[in-house]
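Visitor: Sharing a structure with you now.
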Amino acid sequence: MHSLTSVARLRLHQKIWREIRLGTISVQARWGSCEWQVSSFGRVRSSTGVVSSGHATDAGYRRVTINRRQYYVHRLVAAAFLGPSPDPSRWQVNHVDGDAANNAVTNLEYVSPAENQLHSFQTNRSRRRAGDRLGKAVLWRPTGQESWSLCSSQAETERLLGFGRDTVGRCFRGAQPTSSANGVCYEFRPANAPTTSQEEGELWKVARYPGRPDAVPNLTVSSHGRIWSQTWRQNTTVTQGTEDRQGYFRVRKAGCLFLVHRLVAATFLGQPGDAGLYVNHIDGDRGNNHVHNLEYATPSENMKHAYALMRTDGQAPKSRNGKAVLAKEIGSHESWQAFDSISAAARHTGIKVVHISQACRGLRGYAGSCEFKFMPQQQPVLGEEWRPVVLEGARIAVSQQTK
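Numbering (the working numbering), first residue to last: 39 to 441.
Pasting the structure below:
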């Protein structure tokens with residue numbers, strides 16, 4: 039038999055895919071993954087054996103392309119380990135800790151769209167607008183229940199529960215005792231925002247920043263990692279700052295952007311003895327800016343600490359911006375230290391991303407004072423379980439911004 043020409047093979051391939059799309063060829067969805075696998079820690083292994091966490095979307099979710107179609111990793115994990123949702127109305131997959139990049143099966147659950155939205159507002163500080171942070175806090179509950187829930191402002195309460203504008207305000211003014219939305223009757227009462235009160239043992243000082251000889255104008259910082267300014271629109275408002283995509287908190291003042299953990303360190307630990315020292319989070323939580331959780335560290339000490347925390351956690355490195363990398367100082371006989379991405383290594387070492395990338399790809403011997411290389415993609419992780427991916431029910435159109 040004569041072999042098919044390249045043109046004939048292409049036409050046959052196109053015909054098969056057209057018949058698959060039209061449904062004239064029966065395909066078993068649970069098998070049609072070309073031997074892709076997914077792990078209980080949220081990693082995926084391609085048919086060629088490449089292990090990754092998927093590609094990051096702008097919203098922070100991880101995504102992979104299988105058979106020319108895109109799938110969210112968290113839905114692949116849920117389909118393989120949780121099975122189909124027992125309740126058709128609870129078809130969305132929620133991240134319990136609010137971290138869209140943490141696709142471990144223990145962090146996933148099936149929820150309804152309403153439950154998903156409620157959880158997102160309760161756990162994701164970035165969804166709260168500036169007006170919410172400056173507004174009056176509200177306590178709300180369905181009529182007849184004993185426990186109250188807290189929202190940071192009237193506007194957030196109205197968005198969360200599906201009320202029209204000024205609904206909560208009318209209840210506060212006595213125009214109406216309760217209000218209903220989606221078949222549920224709610225009652226409201228004002229609440230003092232928890233961030234406006236003095237916490238036990240909290241000290242306040244004029245803010246300072248590493249490398250700046252003078253204090254930051256009109257800004258005070260607390261030993262618990264909170265900030266306040268007398269020039270803000272409501273000068274009684276105390277905040278933790280605004281969280282960025284890397285999990286650090288920032289505040290803008292006097293035309294400059296300041297990292298809150300560095301403000302706390304310089305204010306309460308004093309200026310660093312060396313301009314090259316970093317401020318390290320002892321427990322690894324970038325949102326915990328309490329002075330007792332901060333310390334100055336050299337780049338090498340910071341790298342060792344990050345690696346030690348990652349090993350203690352016992353989970354696969356989380357990568358938001360690419361491949362995990364290994365680094366060590368030139369000439370050092372110590373072990374290589376791990377970072378979850380090139381961007382993370384750049385933040386810790388102060389070396390440009392492009393130079394680290396070139397070193398990892400062998401285009402240069404080193405970058406700055408360090409050697410770099412990509413972490414081997416297949417890293418055995420204690421307790422990690424692998425299963426074939428289940429495509430049935432896992433695919434969501436990319437345009438849908440749902441979990």
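Ideal placement from N, C-alpha and C gives every residue a C-beta, glycine not left out.
With three or more beta-carbon pairs closer than 8 Å as the criterion, would you say the region 376–389 touches the region 397–415?
Guide: Output reads yes: the region 397–415 touches the region 376–389.
Visitor: Taking 8 Å as the threshold (C-beta atoms), are Tyr-286 and Arg-250 in contact?
Guide: Cβ distance not < 8 Å, so Arg-250 and Tyr-286 don't count as in contact.
Visitor: Let me confirm a value: Cys-398 is counted as buried when at least 16 other C-beta atoms fall within 10 Å, else exposed. Which label applies?
Guide: Buried is the call here.
Visitor: Leaving aside the five residues before and after Leu-199 along the sequence, list all residues of the same chain whose C-beta is less than 6 Å from its C-beta, in chain order.
Guide: Only Ala-219 meet the Cβ criterion.
Visitor: May I ask you to report which of helix, strand or coil DSSP gives Phe-201?
Guide: If DSSP states are grouped into helix, strand and coil, Phe-201 belongs with coil.
Visitor: When burial is assigned at 16 or more other CB atoms within 10 Å of the CB, is Leu-146 buried or exposed?
Guide: Under this definition Leu-146 is a buried residue.
Visitor: Rounded to whole angstroms, what's the CA-CA distance from Thr-195 to Ser-77? Just pull it up for me.
Guide: If I take the Cα positions, the gap works out to 38 Å.
Visitor: What is the residue span of the beta strand (DSSP E) that Thr-305 lies within?
Guide: Taken as a continuous stretch (DSSP letters only), Thr-305 belongs to no beta strand (DSSP E), being part of the alpha helix (DSSP H) at 298–306.
Visitor: Using the three-state DSSP reduction, which class does Phe-119 fall into: helix, strand or coil?
Guide: If DSSP states are grouped into helix, strand and coil, Phe-119 belongs with the helices.
Visitor: Report buried or exposed for Thr-205, applying the criterion of at least 16 other Cβ atoms within 10 angstroms of its Cβ.
Guide: Thr-205 is buried by the Cβ-count criterion.
Visitor: Nearest-angstrom Cα distance between Cys-201 and Thr-216?
Guide: The identity of residue 201 in the sequence shown is Phe, whereas the question assumes Cys. Rounded to the nearest angstrom, the two C-alpha atoms are 12 Å apart.
Visitor: Just mark His-447 as buried or exposed, buried being the case when its beta carbon has 16 or more other beta carbons within 10 Å.
Guide: Since the first residue shown for the chain is 39 and the last is 441, residue 447 is missing from the structure and cannot be characterised.
Visitor: Is DSSP giving Pro-228 helix, strand or coil here?
Guide: In this structure, Pro-228 counts as strand in the three-state DSSP scheme.
Visitor: Indicate whether Ser-90 and Gly-80 have their beta-carbon atoms separated by less than 8 Å.
Guide: No, the pair does not count as a contact, with Cβ atoms beyond the cut-off.
Visitor: Going by DSSP, name the residue or residues bridged to Cys-294.
Guide: Bridge partners of Cys-294: Lys-291.
Visitor: Consult DSSP for Asn-273 and reduce its assignment to one of helix, strand or coil.
Guide: Only weak support is given to the placement of Asn-273: the predicted model assigns it a pLDDT of 44, under 50, and the question is left unresolved by the model.
Visitor: Nearest-angstrom Cα distance between Thr-233 and Gln-309?
Guide: The predicted position of Thr-233 is uncertain, since its pLDDT is 42 and thus under 50; a value taken from the coordinates is nonetheless stated next. Cα to Cα, the separation comes out at about 27 Å.
Visitor: Apply the 10 Å Cβ neighbour rule to Val-88 and answer buried if 16 or more other Cβ atoms are within range, or exposed otherwise.
Guide: With fewer than 16 other Cβ atoms within 10 Å, it is exposed.
Visitor: Do you know offhand how far Ala-384's Cα is from Asn-340's?
Guide: If you take the alpha carbons of Ala-384 and Asn-340, they lie about 12 Å apart.
Visitor: Using three-state DSSP, classify Leu-257 as helix, strand or coil.
Guide: Leu-257 falls in the coil class under three-state DSSP.
Visitor: Do you know how far the Cα of Gln-375 is from the Cα of Trp-242?
Guide: Straight-line Cα distance between these residues: approximately 37 Å.
Visitor: Quick one: is Ser-267 buried, meaning 16 or more other Cβ sit within 10 Å of its Cβ, or exposed?
Guide: Buried is the call here.
Visitor: So, for Trp-129: in the same chain, excluding its five sequence neighbours on each side, which residues have a beta-carbon less than 6 Å away from its beta-carbon?
Guide: Correct list, in chain order: Ser-123.
Visitor: Tell me whether Arg-203 is buried or exposed, calling it buried when 16 or more other Cβ atoms sit within 10 Å of its Cβ.
Guide: Flag for Arg-203 reads exposed.
Visitor: Below 8 Å on the Cβ atoms is my guess for Val-298 versus Gln-284; work out the distance and round it to an integer in Å.
Guide: No, Val-298 and Gln-284 are not in contact; Cβ-Cβ is about 13 Å, not under 8 Å.
Visitor: Please report how far the alpha carbon of Tyr-148 lies from the alpha carbon of Phe-377, in whole angstroms.
Guide: Answer to the nearest angstrom: the Cα atoms are 31 Å apart.
Visitor: Measure the C-alpha to C-alpha separation of Phe-306 and Ser-261 and round it to an integer number of angstroms.
Guide: Distance between the alpha carbons of Phe-306 and Ser-261: 7 Å.
Visitor: Hey, how far is the Cα of His-133 from the Cα of Asn-140?
Guide: The alpha-carbon atoms of His-133 and Asn-140 are separated by roughly 7 Å.
Visitor: Once the 5 residues before and after Ala-168 are set aside, which same chain residues still bring their CB inside 6 Å of it?
Guide: Here the model assigns Ala-168 a pLDDT of 47, short of 50, so the residue's position is not dependable, and the following value carries that caveat. Excluding residues within five positions, none has a Cβ falling inside 6 Å.
Visitor: DSSP has Leu-146 in a bridge; who is on the other side?
Guide: BP columns for Leu-146 point to His-133.
Visitor: What does a CB cutoff of less than 7 Å around Thr-350 pick up in its chain, not counting 5 residues either side in sequence?
Guide: Confidence in Thr-350 is poor, its pLDDT being 45 and thus under 50, which makes the residue's placement unreliable; the coordinate value appears in the next sentence. No residues qualify anywhere along the chain.
Visitor: Using CA coordinates, which residue listed in Glu-73, Arg-83, Ala-94, Tyr-247 is at the minimum distance from Ser-379?
Guide: Minimum Cα distance to Ser-379 is reached at Ala-94.
Visitor: Of all the beta strand (DSSP E) runs that stay within the bounds of the region 310–344, which reach a length of 3 or more residues?
Guide: Within the region 310–344, the complete beta strand (DSSP E) runs of at least 3 residues are 316–319, 332–335.
Visitor: So which of Asp-252, Phe-412, Gly-221, Asn-154 has the shortest CA-CA distance to Asp-135?
Guide: Selected option, being the one with the closest Cα: Asn-154.
Visitor: From Lys-291 to Glu-240, what distance separates their C-alpha atoms?
Guide: The alpha-carbon atoms of Lys-291 and Glu-240 are separated by roughly 22 Å.
Visitor: Which same chain residues end up closer than 7 Å to Ser-84 when comparing Cβ atoms and leaving out the 5 residues on each side of it in sequence?
Guide: Here the set comprises Trp-74.
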